[in-house]
Amino acid sequence: MSENDLIHNTAIIDSSAEIASDVCIGPYSIIGPNVTIGAGTKIHSHVVIAGNTRIGMQNEIFQFASIGEVCQDLKFQGEETWLEIGDHNKIREHCSLHRGTIQDQGVTRVGHHNLLMVNTHIAHDCIVGDHNIFANNVGVAGHVHIADYVVVGGNSGIHQFCKVDSYSMIGGASLILKDIPAYVMASGNPAHAFGMNVEGMRRKGWSANVVQGLKEAFKIIYKSGLTAEQAVNKIRDEILPEVPQAQLLIDSVVNSKRGILR
1176 MSENDLIHNT AIIDSSAEIA SDVCIGPYSI IGPNVTIGAG TKIHSHVVIA
1226 GNTRIGMQNE IFQFASIGEV CQDLKFQGEE TWLEIGDHNK IREHCSLHRG
1276 TIQDQGVTRV GHHNLLMVNT HIAHDCIVGD HNIFANNVGV AGHVHIADYV
1326 VVGGNSGIHQ FCKVDSYSMI GGASLILKDI PAYVMASGNP AHAFGMNVEG
1376 MRRKGWSANV VQGLKEAFKI IYKSGLTAEQ AVNKIRDEIL PEVPQAQLLI
1426 DSVVNSKRGI LR
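Following the numbering used here, the numbering of the sequence shown begins with 1176 at its first residue and continues without gaps.
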């Protein structure tokens, strides 16, 4: 790696790291082996990127974040695993993102345009999509999948192997023990589903017909007394023809392995 005026002279960078020419690295940050950092990324002071980490373009990582450290799974025995971070993410102070394990796919992956507020933890083997917001002190346990446009309230915890589907919202200080279907709002300890993320839909400019159709789908799943299979069939017959967005909700229910949050 060539010398770069944007890299502070107190930063420690492993010789194997591949860093784009316009990356800014602040004082006392440490970049470990097998790290790739894409163009336009800014690393503030006192950040540790431990190793085996691929970081895309235009990210910003704030002070005291721990990125790409070995996981806290006691089964981990030093195998080669990775952390992959996409583009345009903002990772605030004291966040920790750990590498994967061979018990899963060997990689923890974070997509694009995510905001991780102070002290967010993304554990081993998590898969995080795009445009998500994690408020302060959120803990995401191992093997969790979070889709796109999800909002997680501060001080919430998500149990390992759960799936949180797109456009859902989790209230603050919630404990998530089962899967959250698309569009659903959940809150509590333990959390329960209590409605659809209607405000989020409206902010995205979705029509009143779509919003109403998804609200009706929620009632079919949660308030009709039908089994999950019966509810899905009813949504397919009565709502999906007019509201194609309901397919994502159907997929959430059908593909759930832990069972959906009630």
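Using N, Cα and C, we set each Cβ at its ideal position, and we do this for glycine too. Note that the structure is predicted; figures quoted are calculated from it, not measured.
{"Query": "Would you kindly work out how many angstroms separate the C-alpha atoms of K1217 and V1198, rounded to a whole number?", "Result": "6 Å"}
{"Query": "Please report the residue range of the alpha helix (DSSP H) in which S1427 lies.", "Result": "A1421 to N1430"}
{"Query": "What does the Cβ neighbour count give for P1365, buried or exposed, with the cut at 16 atoms within 10 Å?", "Result": "exposed"}
{"Query": "So, S1382 versus A1357, is the Cβ gap smaller than 8 Å?", "Result": "no"}
{"Query": "Does the beta-carbon distance from T1256 to I1242 come in below 8 Å?", "Result": "no"}
{"Query": "Any idea which residues DSSP pairs R1411 with across the strands?", "Result": "Its beta-bridge partners do not exist; DSSP assigns none."}
{"Query": "Under 8 Å: do the stretch 1398–1416 and the stretch 1332–1350 share three or more Cβ pairs, one atom per stretch?", "Result": "no"}
{"Query": "Taking its Cβ as the centre, do 16 or more other Cβ atoms sit within 10 Å of V1132, making it buried, or is it exposed?", "Result": "Residue 1132 lies beyond the range of the chain shown here (1176 to 1437); nothing can be said about it."}
{"Query": "What residues match up with A1366 in a beta bridge as DSSP calls it?", "Result": "G1363"}
{"Query": "Please classify A1310 as buried or exposed, where buried requires at least 16 neighbouring CB atoms within 10 angstroms.", "Result": "buried"}
{"Query": "Since E1244 sits in a beta bridge, which residues does DSSP pair it with?", "Result": "H1273"}
{"Query": "Are I1236 and D1354 closer than 8 Å when you measure CB to CB?", "Result": "no"}
{"Query": "May I have the straight-line CA-CA distance separating F1251 from G1380, to the nearest angstrom?", "Result": "45 Å"}
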